[in-house]
Structures are given as structure tokens and as C-alpha cells.
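Taking it in order: structure first as C-alpha cells, then the write-up.
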Amino acid sequence: MSFWKKCPLLAAVIVSGLVIEGAGVANGVKSGEIENPASWKQPALASVFIDLKQGVYPWSDRSVQTAAMDAADVQKDRITEETGGQANEENGGEKAGQMANADRDADHKNGTGDENEADVSGNAMPGKAAEETQEAEEEPLEFTHVDKEYFADAVFIGDSRTQGLYEYSNLADVATFYSKTSLTVYNLFEKPKDFIREGDEKLTLEQALSRHQFKKVYLMIGINEMGTGTPESFFEAYARAVYKIRELQPDAIIFVQGIMRVAGQKNASDPVFNNTNINIRNVEIETLANGKDIFYIDVNEAVCDENGNLYADWTFDQIHLKAKYYQVWENFLMEHGIVKK
100 MSFWKKCPLL AAVIVSGLVI EGAGVANGVK SGEIENPASW KQPALASVFI
150 DLKQGVYPWS DRSVQTAAMD AADVQKDRIT EETGGQANEE NGGEKAGQMA
200 NADRDADHKN GTGDENEADV SGNAMPGKAA EETQEAEEEP LEFTHVDKEY
250 FADAVFIGDS RTQGLYEYSN LADVATFYSK TSLTVYNLFE KPKDFIREGD
300 EKLTLEQALS RHQFKKVYLM IGINEMGTGT PESFFEAYAR AVYKIRELQP
350 DAIIFVQGIM RVAGQKNASD PVFNNTNINI RNVEIETLAN GKDIFYIDVN
400 EAVCDENGNL YADWTFDQIH LKAKYYQVWE NFLMEHGIVK K
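Heads up, the working numbering is the position in the sequence shown plus 99, with the first residue counted as 1.
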């Protein structure tokens, strides 16, 4: 009995494979995709025989059509290798890109994506960590109107001008004042003075700030230092004082106040106590502000005329405010509160 009669099913498989192979060649030549059929190293039907050898039969889960399609993929891969991989770049690249996008989407869905990756244009895309950091960033703090109770956890530190604010404004009803006539930035900490009284006890500024914690610290000092040192040495001492306050009051907002100017007559006649020298120091003081926990406020906006001099009829000595005008300073402070959300 001949082979074909003994194995009719196998014969059918072989014939089907030849038909599929012939169709594939015809279609390939017609479409121009196959330029050199003679260069094939493995016919499509070989895949069918390989499957048979490995125990994969046409009547199993894998059909002859599936085997033939896999064989066609093998042909395509070999043709791609011999033509320089052009098909792989055009088709395979697109397929790989789609798979990569799918994998990336799955990673992000499962929370396993890169913290920071780039989109197709090369622009950085914020990952989870970047988004959390952005959310954690506080909005810029701006000055706002506050009432008198805002100063209940505030301390005012300064010289005779701050002492005048204590004596003639309403802030002393709620705020704490550590002030003294003739106080300077040089002896504020460098040469501590026990000018603060608590009952029968006298404390230095450092002792008082170590004992009590405040949410706001207001510093106005500098007029007594005009005739001592240089703007540079003044600023160095002033900066040290601010950083010392920060060390002692880590949770407080510090308001560094510009030095109040003098009246026009004093400004024009005094080579030391004049507004040019004051302005130079105020520019330096302002550099300490960071917009987060140190803010610069300048009461000169409220107490000076169009020429930048202290209102002449608001002062009795060209330097200090008359009693009733300390209310202007108080109002200015109430318009420049900082409220953290």
C-alpha cells in the first residue's frame, strides 16, 4: 500500500501547506514585498513539519492555519534580516512603541511607573513624587489686614521708637514689648543687658526669648547706630541678631522693620542722622526677607511725605513721633499681617 493511502490525513496537511505556501509567494511577488524568493532559507511548509516533529498536530488546539501564519512570520523575519531591517523599523518599531506605551500605562496604573519620565517630545513629566512635592509647596504668603488680637502672640523688640509704640498705641494691651531707650543692635546680644522685667526678676533679651515662645517677632532698631561703624558693619550685626532671634524663636514669623526716617530739617542739616544713610541701611535690611518666615515692612510708607521725609508736624524732635501718631504705625501694622494657611 502506498504512503498516501496509509497516511491520508498527513497527505492532506502537506497539500494544504503547499497551497498556503503558493498563495503566500504569489501574494508576496504581486505586492512587491518579496524581492528575492530564491534567498529563502526555510520554506513556509517547514514550520508545519517542525510542529509535527514536536508533537503539535493539525487536530490539536493549534490548527494548520495558525502554523502556516507562524511560518509566514518566520519568512517575514528572514526577509527583514536580509533587507537591512527596514520592515522591522517601520512596522516592528511601531508595534514596540505601542507595547511600551501599554506597559508604561500598566506601570502607572499599578503604581510602579518611574517617578519622573519624559513624554515623546522629551519634556519632563511629573511623577508621583513631583506631584506630591508640588502639592506640598505653600502658596506665596501675602500681607493681609488683621485685627488687634492678631498681636496676642507677638513680641516687639526695639529702641525708644518701639518704646513709644508701647506707651502710645493700643498694642500693649495684647502684645509683649522688649524695648529700651538707646538700645542698639550691637548690645542687643553681643553685650546683653537685663532690661526686661518679669515681676521682680530682670532678664536679658536672650533669656526672655529662651523662656517664652512667640508666633510673631517685630524688630525695629537702627537709628542709634547711625554714628557707629559703617553700613556694612551695621548690617553684619543686624543679620546676626535676626539669626539669633530665629534660633531662639524657631516657629515665629520675623518682621524686620525699616528704620523710620527723620524729618526734612534734620535730613538736610545732619551729616550722620539723615535719610540717605537710613535708606542705605534699609536696603540691606530688606535683603533678609525670604517671603516665608522673614518679612520686611517699612512704616515710612505711612509716616513720610512726598519727599520721603518724616512729616514735620508729626514729630516733636525731628526723630520721634508725637504720641497721637503712633496710631498710624499701629494701623500700618494691622494692614501688614501674615496669616499662614
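We put the CB at the ideal spot given by N, CA and C, even for glycine.
Quick caveat: nothing in here was measured; it's all calculated off a predicted structure.
- Message: Suppose you measure from the CA of Lys421 to the CA of Phe415; what does that come to, to the nearest Å?
- Response: Approximately 6 Å, taken between the alpha carbons.
- Message: So, for Glu385: in the same chain, excluding its five sequence neighbours on each side, which residues have a beta-carbon less than 6 Å away from its beta-carbon?
- Response: Counting only residues of its own chain and dropping the five nearest sequence neighbours on each side, Glu385 has a CB closer than 6 Å to the CB of Tyr395.
- Query: When the cut-off is 8 Å and only beta carbons count, does Gln262 lie next to chain B?
  - Reply: Structure shown: chain B not included; a single protein chain is present.
- Message: I want to know whether the stretch 274-284 touches the stretch 361-379 - three or more CB-CB distances under 8 Å.
- Response: Fewer than three Cβ pairs drawn from the stretch 274-284 and the stretch 361-379 lie within less than 8 Å of each other, which leaves the two stretches out of contact.
- Would a C-beta distance cut-off of 8 Å place Ser259 and His419 closer than the cut-off? In contact: Ser259 and His419 (Cβ atoms closer than 8 Å).
- Nearest to His311 (by Cα), restricted to the options Val341, Pro349, Asn376 and Ile393: Of the candidates Val341, Pro349, Asn376 and Ile393, the one whose C-alpha sits nearest the C-alpha of His311 is Pro349.
- Item | Asp404, buried or exposed, once every other Cβ within 10 Å from all chains shown has been counted against 16 | Asp404 is exposed by the Cβ-count criterion.
- Item | Contact check, Pro330 vs Glu289, beta carbons under 8 Å | No. Outside cutoff.
- Start and end residues, alpha helix (DSSP H) containing Tyr285: Boundaries of the alpha helix (DSSP H) around Tyr285: Val284 to Leu287.
- Query: What are the partner residues of Ala362, as DSSP defines its beta bridges?
  - Reply: Ala362 is bridged by DSSP to Leu409.
- With C-beta atoms as the reference, is Glu429 less than 8 Å away from Leu270? Yes, Cβ-Cβ distance for Glu429 and Leu270 is below 8 Å.
- Message: Could you tell me the alpha carbon to alpha carbon distance between Asn389 and Ile437, rounded to whole angstroms?
- Response: Taking C-alpha positions only, Asn389 is separated from Ile437 by approximately 13 Å.
- Spatially closest choice to Ile379 from Glu324, Glu238, Thr243 and Ser268, by CA coordinates: Among Glu324, Glu238, Thr243 and Ser268, the Cα nearest to that of Ile379 is on Glu324.
- Of the listed residues Asn399, Asp392 and Asn366, nearest to Asn381 (C-alpha basis): Its Cα nearest to that of Asn381, the residue Asn399 stands out among Asn399, Asp392 and Asn366.
- Tyr424 in three-state terms, based on DSSP: Residue state, collapsed to three classes: helix.
- Going by Cα to Cα distance, which pick from Val341, Gly328 and Gln306 is closest to Met319? Closest in C-alpha terms to Met319, from the list Val341, Gly328 and Gln306, comes Val341.
- With distances taken from CA atoms, which of Gln417, Leu432 and Trp413 is nearest Tyr424? Ranking Gln417, Leu432 and Trp413 by CA distance to the CA of Tyr424 puts Trp413 first.
- Task: Return the bridge partner residues of Ser442 from the DSSP annotation.
- Result: Nothing about residue 442 can be read from this structure; the chain reaches only from 100 to 440.
- Query: Is the distance from the Cβ of Gly326 to the Cβ of Val284 below 8 Å?
  - Reply: No, these two residues do not count as a Cβ contact at 8 Å.
- Exposed or buried, Ser368, counting other C-beta atoms within 10 Å across all chains shown (16 or more means buried)? Counting Cβ neighbours within 10 Å, Ser368 comes out exposed, since fewer than 16 surround it.
- How big is the Cα-Cα spacing for Leu302 and Gly257? Roughly 15 Å separates the two Cα atoms.
- Query: Would you report the Cα separation of Glu238 and Lys440, rounded to the nearest angstrom?
  - Reply: If I take the Cα positions, the gap works out to 9 Å.
- Message: Using 8 Å as the threshold, is the C-beta distance between Phe242 and Tyr317 below it?
- Response: Result no, Cβ atoms of Phe242 and Tyr317 do not sit closer than 8 Å.
- Task: Whole angstroms is fine: what's the gap from Lys365's alpha carbon to Tyr410's?
- Result: Those two C-alpha atoms are separated by around 11 Å.
- Query: Does the beta-carbon of Leu432 have 16 or more other beta-carbons within 10 angstroms, so that it is buried, or is it exposed?
  - Reply: Residue environment analysis places Leu432 among the buried positions, since at least 16 neighbouring C-beta atoms fall within 10 angstroms of its C-beta.
- Per-residue burial, Arg360 [other beta carbons within 10 Å of its own, 16 or more giving buried]: Residue burial annotation: Arg360 is buried, with at least 16 other C-beta atoms found within 10 angstroms of its C-beta.
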